[in-house]
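Under the numbering used here, the sequence shown has 83 at position 98, and the numbering climbs by one with no breaks. Here the structure comes first, spelled out in structure tokens, and everything after it is commentary.
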Amino acid sequence: MCGIAGIYGTGKLTNAGQALDAMVHAIDHRGPDASGTFLSGDVALGHTRLSIIDLSPDSNQPFTSSDGRFTMVFNGEIYNYLEIKAELAGSTFRTNSDTEVLLEAFIQWDTGAFQKVNGMFACAIWDNRESRLVLVRDRIGIKPLYYAQVNDQLVFGSEIRALLASGIVPRKLNKAVLSEYLMYQTVHAPQTMVEGVKMLEPGTYIDISPSDYKVAPYWKPWQNLHQDNEPILIQKRIRELLTKSVERRLIADVPVGAFLSGGIDSSLLVGIVSERLGQKLDTFNVSFDESEYSEAKYAREIAQKFETNHHEIQLKPSDLLEALPEGLASMDHPSGDGLNSWIVSRETKKQGLSVALSGLGGDEVFAGYDVFQRIPRISDNAWLLSFPKALRVTAGHFAKMYRPGIPSSKLAQILKLDYFDLESLYPIFRKVLLDHQVKGLLGKKPFPNAVNQSVQMLEEFDGYGKLPTLSRISIAEMNTYMQNVLLRDTDQMSMAHALEVRVPFLDHELIEYVTHVSDQVKYPHTPKQLLVSSFQDILPSSITSRKKMGFVLPWEDWMKGDLREFCQENIDQLVDSGLMNASAVQGLWKDFLDAKGNVSWSRVWPIIVLSQWMKLNEIEA
């Protein structure tokens, strides 16, 4: 795991080396073990290394082919690199690294190499003979890659702060996506909160040369079909694929640990490592005095069952307040989430580990969220659409009147719809703030949001509409919330501590298979039933049958208590900036403090984070 940075089009830059050095320095937390730069022709490449596979200096980057033609900077892991290496029998290797294997694969198969790779990665490959640069990102979007076209330069890197450090990219807020951020606590790829900076979308590469510029996808999760119809066969195959995925993600020349919340996903991963693969792990859990938020007792149960070396991190409001400045400073892109990952990553790194497994993705792949229940339920009640729209609108109005809050407001939006389809329903369910709230904050009607556009785009792809309903929701989840909140937050907050997080549930072979499983088999009666049934001999019923909690800090209590002063300072700062309507911002904050209108912490915290992020990164409004 590492950090990469670079500039294409350096021929007209007088300070390319200086700009590159600044970019590399800005992300040196991602790779404390080594760093390097490469300048040649019309390109400048930089790299910071966290040594995981082949710890020798021979694998340091930028890495150049033996003939000097190709140079690569690479962030991530290729889990099947030994299999690919065996296919490259005619090649001579100087190292035992996955870096060299990926470069040799590109030399032999060009962009076709990406189809062969199983891993999480983002990389840049320079062909010095053709003056050609290829940027690529893994299928799922686990590893980030940002870029910006400024005049004659293409600037890119693992983090936005690297692009800003170059001095080429202006520190200016992207106001066009501000309404999107308020609605969904994030901004969706390819857009970011910095004007002109884009995020390369998952499963996509950029191919640029003096004569051509191409952006092309190389993977869609519904491309590969399977023929299994029997539940027993499906369970057996899922068991094989997930076990193989976990086994692959244990490949390392350093110790591997695991985040253990005590939920189904993280507990299952620990169980697979212990019972199926015969390895013991260091496990990590965050606990709180507020028992309604703490899953510590379940994590302890799993740790005891599988005899892990368990670390329980006791977190109090004062601890968070002390860590908050550093945690928010680690946030490369503003988000309404992420500090939980920062805390557990910090403690994991303190124990000397550089790699940790995470259960992220289990809910998205195996239908674990409420949205997987709610959308089909509403779709099954399409008879409501037979009532006149005016009557439905009136019913929604009364619902909001007699039970004010976000749920009734969303119901009112649903009753206004002409269709109860995924394209119409999904964006409503994923909203944090509703349209009228965003309009109040910004003083204007929100632009069409990216979640709506993303689902519309998916519906247009050949084959997507033929998938089972739950699979279509899964892909929508992966394209929106998972990619742009969970994965981005996990990367920026873990790599702030030079910790590599691996996500076995997001193996593309597993996703391709589960995507084509019928709704009846995937979700016969309870969330993630297919996953539980596939591994019913590993997890105790106390874990599989308990109520889902999620990894959430007790923000509600803390923001009204120990963190209140910090929150108030950032609210005032945002008001002073003139970016949003002052009375609307202060009104939202007051409603939260007074517990009015169901204004929970998640409606307010993203605004506070945005204010702090702009200040720390000197972003101009």
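From the three backbone atoms N, C-alpha and C, an ideal C-beta is built for every residue, glycine too. Keep in mind that this is a model prediction, so the values were computed, not measured.
- Note on W586: 16 or more other CB atoms within 10 angstroms of its CB, so buried under the neighbour-count rule.
- Secondary structure of S41 (DSSP, three-state): coil.
- Restricted to the segment 348 to 391, the alpha helix (DSSP H) segments that are unbroken, complete and at least 4 residues in length are 356 to 364, 374 to 387, listed in chain order.
- If you ignore the 5 residues before and after E603, its C-beta comes within less than 8 angstroms of the C-beta of R156, all in its own chain and listed in chain order.
- With respect to F405, I458 sits apart: the two C-beta atoms are not nearer than 7 angstroms.
- Runs of the alpha helix (DSSP H) lying entirely within the segment 497 to 550 and spanning at least 4 residues, in chain order: 504 to 507, 514 to 519, 526 to 529, 540 to 545.
- Remark: C-beta atoms of K101 and V86 do not approach each other more closely than 7 angstroms.
- If you look at Q299, you'll find it in the beta strand (DSSP E) that goes 294 to 300.
- Residue state for A150 is assigned as helix, using DSSP reduced to three classes.
- The C-alpha of L324 lies about 12 angstroms from the C-alpha of P539.
- G142 and A(-10) have their C-alpha atoms roughly 4 angstroms apart.
- By the Cβ neighbour-count rule, K395 is buried, with 16 or more other Cβ atoms within 10 Å of its own.
- For I593, the uninterrupted alpha helix (DSSP H) segment begins and ends at 586 to 601.
- In the pairwise beta carbon analysis, the segment 467 to 481 is classified as touching the segment 308 to 316: at least three pairs are separated by under 8 angstroms.
- Here the C-alpha atom of P512 lies approximately 11 angstroms from the C-alpha atom of V506.
- In the structure shown, the three-state DSSP call for N270 is strand.
- Checking the DSSP bridge columns, you'll see Q176 partnered with K183.
- Between the alpha carbons of K335 and G425 lies a gap of roughly 44 angstroms.
- At a Cβ-Cβ threshold of 7 angstroms, D504 and L455 count as neighbours.
- Cβ-Cβ distances below 7 angstroms link S116 to G26, D27, S194, P195 in the same chain, with the five nearest sequence neighbours on each side left out; the list follows chain order.
- If you keep only unbroken alpha helix (DSSP H) runs of at least 4 residues inside the segment 208 to 265, you get 216 to 233, 249 to 256.
- The DSSP-derived three-state label of I(-8) is strand.
- Assigned with DSSP and collapsed to three states, M105 falls in strand.
- In the same chain as A1, and ignoring 5 residues on each side of it, the C-beta atoms closer than 7 angstroms to its own belong to I(-8), T(-5), L24, A29, in chain order.
- A residue is called buried when at least 16 other Cβ atoms come within 10 angstroms of its Cβ; A74 does not meet this threshold and is exposed.
- Every unbroken stretch of the beta strand (DSSP E) spanning 3 or more residues and falling wholly within the segment 449 to 504 is given here in chain order: 485 to 487.
- Put simply, of S518, A567, Q264, E332 the residue whose alpha carbon is nearest the alpha carbon of L218 is S518.
- Relative to the Cα of A4, the nearest Cα in the group Q264, L148, H421 belongs to L148.
- Per the DSSP secondary-structure output, Q138 pairs in a beta bridge with V135.
- Every unbroken stretch of the alpha helix (DSSP H) spanning 4 or more residues and falling wholly within the segment 57 to 129 is given here in chain order: 66 to 72, 83 to 94, 98 to 101.
- Comparing alpha carbon positions, the residue from G312, Y169, L185 closest to Q597 is G312.
- In this structure, L548 is the residue among L548, L370, S562, M599 with its C-alpha nearest to the C-alpha of P302.
- For I287, the enclosing alpha helix (DSSP H) starts and ends at 281 to 290.
- Judged by their CB atoms, F490 and A341 are not nearer to each other than the 7 angstroms cut-off.
- Contact annotation, A375 with A384: C-beta distance approximately 15 angstroms; criterion of less than 8 angstroms not satisfied.
- Scanning T56, A606, D492, F48 for the CA closest to the CA of T80 turns up F48.
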